[in-house]
Each structure stands twice: as structure tokens, then as C-alpha cells.
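Chemist: Numbering (numbering that gives the first Met the number 0), first residue to last: 0 to 244.
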Amino acid sequence: MKTVLDALVIKEIKVGEADRLITLLTKDNGIIKAYASGAKNIKSKRGSGTGLLSYSNFSLSKKGDTYRVTEATPIKLFFGTNSSIEALAVSQYFCELSLVFEPNGEKQEEFLRLILNSLYFLTEEKRNPFLIKAITELRVLAISGFCPNLVGCQNCGEFRDDIMYFSVADGSVWCSTCNKNADNIPLNETLMNAMRHIVYSPFGGLYNFSIPEKDAKILSDITEKYLVFQTEHKFTTLNFLNDIK
């Protein structure tokens, strides 16, 4: 059985001296694993197309439950030698996000589109890596069943306040009058507007905003805390990322 599809390589494991076991994020098939025989040989036609963070057109053969790569033609290789260390660390974190959330059903296409667009803005547009991280984290949560309720204060419905407060426990927001929880995180107007944009904007306009670098790092910390709390997962790629902030 032959399958042809476009996919992003989100994990690679060396097998023996020359083979790879790769994990692919696809639009229609979710996450699948496939063996790429001889992919690490210098002359292999499967080499570049099966490397980590390669978006490629794959021809796969399937026998039983096992996929094998017969061809891999690169569409976009996201990282070169001029990529920043922050961008590389964030991109590897995106790969782990994909593995943890394992999109399926209707979420697959939007999930892949989100990751590909985030990688593009990270590497080609040279956008602030921590802003792209925050956008990706919060949108991944929104499409995966962990969407926060940012419309207004959980108690009185107030839409705007000089400072709103965000709960990582349940994704609610509170105005300064109603907030009684010291653990809730204060959001200035810039942060509040950014979070609402990320969650509620149509996909086509998702990346069409910017905020100061200082706010981008704060936003990244907030979305990260919310994601880690909601998933209860220890993301190994975050250790290195947080060390270089």
C-alpha cells in the first residue's frame, strides 16, 4: 500500500549506522512514524527530506502497521546555520508540543497549519521568538480543548480594566474589583489585548500584531504556565529554552 502526503518531521531517532525512525505531523493522518532506510548516508536522496523540522512530500509504503519512506522531497527546510539559538530552541519545543497534544480528527489540519506558520514567522520573518512561542502555545490550547475564557470578568462581566487578572487554574479573567485570588496573574492592557487576539482572531490575522519585547517575554511566561498547568506535562525542551532567556 502506497501513501503520498506532505508532513513535518517533528522527531528523528538514529537506527543503526544509517537509518532513521522519524515521526511525522500530517494534515490528514495525524501523527505517524516511518522508517527511512539509509537516510543518514551522505548520498541518500532521503537525507534532507527526513531531517528534523523538514517539511517534505513523502511517499510511504505500508506493510502491516509499519510505514517506510520510499521517497522524501523537501518542500521547506526550516533551519539553517544563521538561525538564532532562541529560535532553534523554540522550534524544538513546538515539536514536543505536537507530540504531547497528538492532534486528530478535525484538529489535524489547523494544528499543522499553526506549527508551519509559526516556524515560518520564527525563521523567515525573524519575529520575536517569545511572541511566536506565546501565540503558538495559546492557540494550541484553544484548538485542543483548553481554551481560556477571556471575554470578560468571570464575576461581573467587565470587559476592560487597567489591570485584569488571569487564572492559570481555569483560564478565567477577573477585574481588579472582583479579583480575590493572590495567585492570579496581573495583565496590563497590552497583555490582555494580545491574549484575546490570539484566542479569538481568525487564523488569517493571527500573527498580525506586535508588542514590546518586554511584554512578549511576560506573555510567553504566562502562556507557558497556563499550558503546563493544564496539561500536567513536564516539557523537556523548556529546560534549555528557559536557561537561555
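Even glycine gets a Cβ: it sits at the ideal position worked out from N, Cα and C. Predicted model, so just to flag it, every value in this text is computed and none were measured.
Kindly list the residues whose CB is nearer than 8 Å to the CB of Glu-101, restricted to its own chain and excluding five residues on each side of it in sequence; keep chain order.
Modeler: Gly-29 and Ile-30
Chemist: Just checking my contact of Ile-131 with Val-89 at CB under 8 Å: how many whole Å lie between their CB atoms?
Modeler: 7 Å
Chemist: What whole-angstrom Cβ distance do Leu-24 and Ile-9 have, given they're in contact under 8 Å?
Modeler: 5 Å
Chemist: Quick check: what's the CA-CA separation for Asn-187 versus Ile-221?
Modeler: 12 Å
Chemist: Quick one: grab the DSSP three-state call for Pro-185.
Modeler: strand
Chemist: Leaving out the 5 sequence neighbours to the left and right, which residues in its chain are closer than 6 Å to Val-167 when beta-carbon positions are compared?
Modeler: Lys-224, Tyr-225 and Phe-228
Chemist: Could you work out which residue in Phe-239, Ala-193, Met-163 and Leu-190 is closest to Asn-180 when comparing CA atoms only?
Modeler: Met-163
Chemist: Taking the beta carbon of Tyr-199 as the centre, do at least 16 other beta carbons fall within 10 Å, making it buried, or is it exposed?
Modeler: With fewer than 16 other Cβ atoms within 10 Å, it is exposed.
Chemist: Specify the secondary structure class of Arg-19 as computed by DSSP and reduced to three states.
Modeler: strand
Chemist: Please report the straight-line C-alpha distance between Cys-146 and Arg-138, rounded to a whole angstrom.
Modeler: 8 Å
Chemist: Check the C-beta distance from Ala-71 over to Phe-57 and give it rounded, since I have them as a contact under 8 Å.
Modeler: 5 Å
Chemist: Considering only residues of the region 140-212, which uninterrupted alpha helix (DSSP H) runs meet the minimum length of 4 residues and lie entirely inside it, listed in chain order?
Modeler: 188-199
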